[in-house]
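The numbers in my numbering rise by one with no breaks, and the one at position 130 of the sequence shown is 159.
The C-beta atom is built at its ideal place from N, Cα and C for all residues, glycine as well.
Just below is one structure, and these are the notes that go with it.
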Amino acid sequence: MKISTTSGVQRLKIHIVLFFVILAISKIQAQSFVNGNFSSGGSNWFVSGTSTETNPEATYGGSGSNNVAEVDYLVRLTQTVSGFVVGKSYSFNFVASRRTRNPGPNPVSVIVKITSATATILNTTLTKTNTTFSLDAVTYDFVATASTLTFSLTPAADIGTSTRGVIIDNLSITQPIVLSAELIGFEAEKNSEGVKVKWTSVNEVMNDYFAVEKSRNGKQWQEIEKVNGAGYSIKMTEYHVQDNKPFEGLSYYRLKQVDFDGQETYSDIISVDFEYADVFNIFPNPAHNHQELFLESTMLLKELHVKILDHRGVLIYSAPPILGSISLKDIPSGSYLLNVFSGTDQLSTSKLIVY
Numbered sequence: 030m031k032i033s034t035t036s037g038v039q040r041l042k043i044h045i046v047l048f049f050v051i052l053a054i055s056k057i058q059a060q061s062f063v064n065g066n067f068s069s070g071g072s073n074w075f076v077s078g079t080s081t082e083t084n085p086e087a088t089y090g091g092s093g094s095n096n097v098a099e100v101d102y103l104v105r106l107t108q109t110v111s112g113f114v115v116g117k118s119y120s121f122n123f124v125a126s127r128r129t130r131n132p133g134p135n136p137v138s139v140i141v142k143i144t145s146a147t148a149t150i151l152n153t154t155l156t157k158t159n160t161t162f163s164l165d166a167v168t169y170d171f172v173a174t175a176s177t178l179t180f181s182l183t184p185a186a187d188i189g190t191s192t193r194g195v196i197i198d199n200l201s202i203t204q205p206i207v208l209s210a211e212l213i214g215f216e217a218e219k220n221s222e223g224v225k226v227k228w229t230s231v232n233e234v235m236n237d238y239f240a241v242e243k244s245r246n247g248k249q250w251q252e253i254e255k256v257n258g259a260g261y262s263i264k265m266t267e268y269h270v271q272d273n274k275p276f277e278g279l280s281y282y283r284l285k286q287v288d289f290d291g292q293e294t295y296s297d298i299i300s301v302d303f304e305y306a307d308v309f310n311i312f313p314n315p316a317h318n319h320q321e322l323f324l325e326s327t328m329l330l331k332e333l334h335v336k337i338l339d340h341r342g343v344l345i346y347s348a349p350p351i352l353g354s355i356s357l358k359d360i361p362s363g364s365y366l367l368n369v370f371s372g373t374d375q376l377s378t379s380k381l382i383v384y
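Right, dumping it as structure tokens:
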């Protein structure tokens with residue numbers, strides 16, 4: 030603050046320096062593992078006296094063909110990585126699931142360690158209890174105490190001598206980066222029209238736009254909508270995007286923030302569980318085969334299409350509803366599955382009884 034006097038009137042000249050506090054809400058690739066996604070089998074993940082096991086995900090209860098690794102009584106994962114900066118913060122990331130095809134103990138655990146030549150940085154136990162195969166994200170933050178560190182996942186005591194353990198994939202090392210906006214709120218909530226994604230930011234610097242992305246599995250992402258950023262602003266700014274065609278069941282959302290120079294950063298991932306059964310009303314059910322079946326929805330959906338399958342999975346009806354109704358006159362008595370689509374996306378499955 031500078032004080033000056035002109036014509037006996039004291040005037041204040043206030044010089045304000047704005048310091049933008051830029052906080053990280055994402056991470057960038059730092060040092061990296063060799064063969065972190067097991068595309069080359071177990072290569073680079075064992076040391077003398079140990080062995081690894083990798084197979085397609087479907088071997089262990091999943092549905093994919095991508096290679097994953099198992100940690101059990103006989104096999105483990107170990108790799109040494111160099112290039113860390115002492116005193117810097119990093120994150121050790123991977124996805125993990127309990128094996129659900131020919132499963133072993135429940136719960137089942139692995140010991141996660143990060144060590145240097147002279148010290149142990151991380152020594153913790155990861156326990157999985159899932160009964161349905163689900164590769165869930167796991168992250169451990171740590172500070173490097175040496176330039177070379179060893180990362181290992183080994184069987185915990187509850188595995189015993191079982192060769193049915195924990196499935197691991199997509200191991201990576203990331204480092205916090207600076208983002209051109211401070212994100213102080215990010216959430217997804219169900220409403221009568223689908224899922225509303227909203228967030229609040231302050232202290233935006235060079236912020237060109239946000240892009241909202243969604244995923245069924247947390248791996249493959251698709252963009253929903255872009256929203257212009259505030260550019261340069263210290264004000265609190267609220268944003269939202271309405272997803273009128275959310276995925277059925279559990280799905281994931283994240284924000285991509287893009288600077289004017291094209292630099293991209295990502296937010297943490299959030300999830301929402303959406304059931305189309307909550308927004309559809311199909312009646313009457315049971316229905317007589319001389320009646321019409323009516324389909325009502327609280328959501329504004331385009332290109333609705335209905336498919337009815339018998340107990341063998343044979344398609345017996347496929348057409349868009351006409352003015353919200355379906356004629357059952359050509360459908361024999363029985364129990365059926367009624368699937369509702371919007372475009373190519375299957376929205377819901379309901380049991381239909383015709384008598």
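Check	Outcome
Out of 165, 270 and 194, which has the shortest C-alpha to C-alpha gap to residue 245?	165
What residue does the beta strand (DSSP E) around residue 142 start on, and which one ends it?	137 to 144
Hey, which unbroken runs of the beta strand (DSSP E) at 3 residues or more fall wholly within the region 90 to 156?	96 to 100, 106 to 111, 118 to 127 and 137 to 144
For my contact list, residue 65 and residue 82 are in at a C-beta cut-off of 8 Å; report their separation, rounded to the angstrom.	Rounded, the Cβ-Cβ distance is 16 Å, inconsistent with contact.
Is residue 177 helix, strand or coil by DSSP?	strand
Counting C-beta neighbours from all protein chains within 10 Å, is the total for residue 211 16 or more, i.e. buried, or is it exposed?	buried
Going by beta-carbon coordinates alone, are residue 225 and residue 272 separated by less than 9 Å?	yes
CA-CA distance, residue 133 and residue 193?	5 Å
Beta-carbon separation of residue 386 and residue 299 under 9 Å?	Past the boundaries of the shown model lies residue 386; the chain is included only from 30 to 384, so the question cannot be answered.
Return the CA-CA distance between residue 219 and residue 369, expressed in angstroms with no decimal places.	19 Å
Is any non-hydrogen atom of the ligand SAH found closer than 8 Å to the C-beta of residue 101, if you look at the structure I gave you?	This structure lacks the ligand SAH, and indeed carries no ligand of any kind.
When the Cα of residue 359 is compared with those of 256, 111 and 318, which residue comes out closest?	318
Cα separation between residue 185 and residue 143?	15 Å
Do you know offhand how far residue 238's Cα is from residue 268's?	11 Å
How is the beta strand (DSSP E) around residue 283 delimited, first residue to last?	278 to 288
For residue 165, which of helix, strand or coil comes out of DSSP?	strand
Buried or exposed for residue 136, going by 16 or more other Cβ atoms inside 10 Å?	exposed
Starting from residue 235 and walking both ways along the beta strand (DSSP E), at which residues does that stretch end?	233 to 244
Please state the DSSP three-state secondary structure of residue 86.	helix
Check whether the Cβ atoms of residue 181 and residue 141 lie closer than 9 Å to each other.	yes
Mind checking whether residue 61 and residue 188 have CB atoms under 9 Å apart?	no
What residues in its chain sit with their C-beta under 6 Å from that of residue 275, if we drop five residues either side in the sequence?	223, 224 and 303
Relative to the C-alpha of residue 200, which candidate in 377, 108 and 90 has its C-alpha closest?	108
Just how far apart, CA to CA, sit residue 247 and residue 323?	35 Å
Between which residues of its own chain and residue 104 is the CB-CB distance below 6 Å, once the five residues before and five after are set aside?	80, 81 and 82
How many Å lie between residue 171 and residue 344 at the Cα?	54 Å
For residue 76, collect the residues of the same chain with a Cβ closer than 6 Å to its Cβ; drop the 5 residues on either side in sequence, then sort them by chain order.	107
Got a sec, what are the start and stop residues for the beta strand (DSSP E) residue 366 sits in?	363 to 371
DSSP three-state call for residue 186: helix, strand or coil?	helix
Can you tell which of 342, 337 and 372 has the C-alpha that lies nearest to the C-alpha of residue 355?	337
Counting C-beta neighbours from all protein chains within 10 Å, is the total for residue 376 16 or more, i.e. buried, or is it exposed?	buried
Between which two residues does the beta strand (DSSP E) harbouring residue 374 extend?	374 to 383
Taking the beta strand (DSSP E) that residue 16 belongs to, which residues open and close that run?	Because the chain is modelled from 30 through 384, residue 16 falls outside the range shown and cannot be assessed.
Do the region 226 to 237 and the region 284 to 297 meet, that is, are 3 or more Cβ pairs less than 8 Å apart?	yes
Taking the alpha carbon of residue 191 as the point to measure from, which residue in 312, 131 and 255 has its own alpha carbon closest?	131
Measuring straight from C-alpha to C-alpha, what distance separates residue 314 and residue 232?	54 Å
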